[in-house]
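Asks: If you're matching them up, the sequences are chains X and G in order.
This note's numbering numbers the first residue of the first sequence as 1 and each following residue consecutively.
This note's numbering numbers the first residue of the second sequence as 114 and each following residue consecutively.
Input: one structure, supplied below.
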Amino acid sequence: DGGITQSPKYLFRKEGQNVTLSCEQNLNHDAMYWYRQDPGQGLRLIYYSQIVNDFQKGDIAEGYSVSREKKESFPLTVTSAQKNPTAFYLCASKGSGSVETQYFGPGTRLLVL
Amino acid sequence: AQSVTQLGSHVSVSEGALVLLRCNYSSSVPPYLFWYVQYPNQGLQLLLKYTTGATLVKGINGFEAEFKKSETSFHLTKPSAHMSDAAEYFCAVGSEWDYKLSFGAGTTVTVRA
């Protein structure tokens, strides 16, 4: 089955700790995205990548980092600099055409201990 | 810059009644418009999208939306609500020249028996 997988489903972070969220897609999509979702605020873009080895900051990149070494993978690291990391994190991917749809993974919920 | 406003953060309807979710957009270029649905603790699923052509767009699960350029609107409707329609709905705007989408804050739909 083609799709997007995110792991883990739940992640707990201790103060001062960096954690990495995994996102993998087998849709052969060029573009990948990370969003943060908080209640009542919709989805906010953290980072996106249009092609391997390239990525751009979104609207709320501070305290986050990404890499795009492989087409199918776009991991997100939540660093200790992100002071309010508790949220639902969604990964998405999109084909290269301009009318292509963004498809979403099932999400990872990050909680702070 | 593009943006979306969803009118009403919560909508409650009776089973069998009309579902109407309002979305207004702002865009300096011809918009691409999307409606997504999200069930609790899951990712987003595409309901329908408008890019070009016919302004009345039909989607999955009996939903449809009409693009009205003069009103800068893309309201989502379903003639008869079902209990399974209880979810959160997001409107989003993009364009041919932008890999990114801008999402509204979401509307939560409750269906009363």
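Quick reminder that beta carbons are idealized off the backbone N, C-alpha and C, glycines included.
Computed from a prediction, not measured in an experiment: that's the story for all the values here.
1) Using DSSP bridges, identify the partner residues of K181 of chain G.
2) Please confirm whether Q115 of chain G has its beta-carbon closer than 8 Å to some beta-carbon of chain X.
3) By Cβ distance below 6 Å, which residues in the same chain neighbour S96 of chain X in space, the five residues on each side in sequence not counted?
4) Measure the beta-carbon distance from L11 of chain X to T108 of chain X and round it to whole angstroms, keeping in mind my assumption that it falls under 8 Å.
5) Using only the alpha-carbon positions, how far apart do T165 of chain G and G16 of chain X sit?
6) Quick one: does A81 of chain X have its CB under 8 Å from some CB of chain G?
7) Answer with buried or exposed for Q41 of chain X, where buried requires no fewer than 16 other C-beta atoms within 10 angstroms of its C-beta.
8) To the nearest angstrom, report how far apart D59 of chain X and F180 of chain G are at their CA atoms.
9) Please name the residue, chosen from G:L134, G:A199, G:L214, that lies closest to L146 of chain G on a Cα-to-Cα basis.
10) Would you say A199 of chain G and G129 of chain G are within 8 Å of each other, going by their C-beta atoms?
11) By DSSP's criteria, M32 of chain X is part of a beta bridge. Which residues make up the other side?
12) Starting from the Cα of F203 of chain G, find the closest Cα among G:S141, G:L133, G:T168 and give me that residue.
13) Quick one: which residues of the stretch 99–112 of chain X get their C-beta closer than 9 Å to a C-beta of chain G? List them in chain order.
14) Quick check on the burial criterion: 16 or more other C-beta atoms within 10 angstroms. Buried or exposed for G46 of chain X?
15) What does the alpha-carbon distance come out to for the pair Q119 of chain G and Y89 of chain X?
16) Once you ignore the five residues that flank K83 of chain X on each side, which residues in its own chain have a CB closer than 8 Å to its CB?
17) DSSP state of I115 of chain X, grouped into three classes?
18) Run through chain X and tell me which residues come within less than 8 Å of G217 of chain G, C-beta to C-beta.
Replies: In short, the structure shows the following:
1) What you label residue 181 of chain G is simply residue 68 of the second sequence in a count that begins at 1. Paired residue(s): G:S186.
2) As a first step, residue 115 of chain G must be located in the second sequence, where it is residue number 2. Not one chain X Cβ lies under 8 Å of Q115 of chain G.
3) Position 96 of the first sequence, counting from 1, holds the residue named residue 96 of chain X. Cβ within range, chain order: D30.
4) Here the question's residue 11 of chain X lines up with position 11 in the first sequence. Here the question's residue 108 of chain X lines up with position 108 in the first sequence. Indeed, because the Cβ distance is near 6 Å, the residues count as touching under 8 Å.
5) Residue mapping note: residue 165 of chain G aligns to position 52 of the second sequence, counting from 1. Residue mapping note: residue 16 of chain X aligns to position 16 of the first sequence, counting from 1. Answer to the nearest angstrom: the Cα atoms are 48 Å apart.
6) Your numbering for residue 81 of chain X matches position 81 in the first sequence. Not an interface residue.
7) Mapped onto the first sequence, residue 41 of chain X falls at position 41. It counts as exposed.
8) Here residue 59 of chain X refers to the residue found at position 59 when the first sequence is read from its first residue. Here residue 180 of chain G refers to the residue found at position 67 when the second sequence is read from its first residue. Computed Cα separation, rounded: 27 Å.
9) Locating residue 146 of chain G in the second sequence gives position 33, where the first residue counts as 1. Looking at the Cα atoms, G:L214 is the closest of the given residues.
10) The residue labelled residue 199 of chain G in the question sits at position 86 within the second sequence. The residue labelled residue 129 of chain G in the question sits at position 16 within the second sequence. For A199 of chain G and G129 of chain G, no; Cβs fall outside 8 Å.
11) Along the first sequence, read from residue 1 onward, the residue named residue 32 of chain X stands at position 32. In DSSP, M32 of chain X forms a bridge with X:S49, X:S93.
12) On the second sequence, residue 203 of chain G is found 90 positions in, with the first residue counted as 1. Taking only the C-alpha atoms, the option nearest F203 of chain G is G:L133.
13) Against chain G - using a Cβ distance shorter than 9 Å - the residues of the stretch 99–112 of chain X are V99, T101, Q102, Y103, F104, G105, P106, G107, R109.
14) In the first sequence, residue 46 of chain X corresponds to position 46, counting from 1. According to the sequence shown, residue 46 of chain X is Ile rather than Gly. Under this definition I46 of chain X is a buried residue.
15) Position 6 of the second sequence, counting from 1, holds the residue named residue 119 of chain G. Position 89 of the first sequence, counting from 1, holds the residue named residue 89 of chain X. Each residue's alpha carbon lies about 21 Å from the other.
16) In the first sequence, counting from the first residue as 1, residue 83 of chain X sits at position 83. Once the five neighbours on either side are set aside, the close Cβ partners of K83 of chain X are G63.
17) Residue 115 of chain X cannot be examined here, being either before or after the span of chain X that is shown, 1 to 113.
18) Residue numbering aside, residue 217 of chain G sits at position 104 when the second sequence is read from its first letter. Result: G42.
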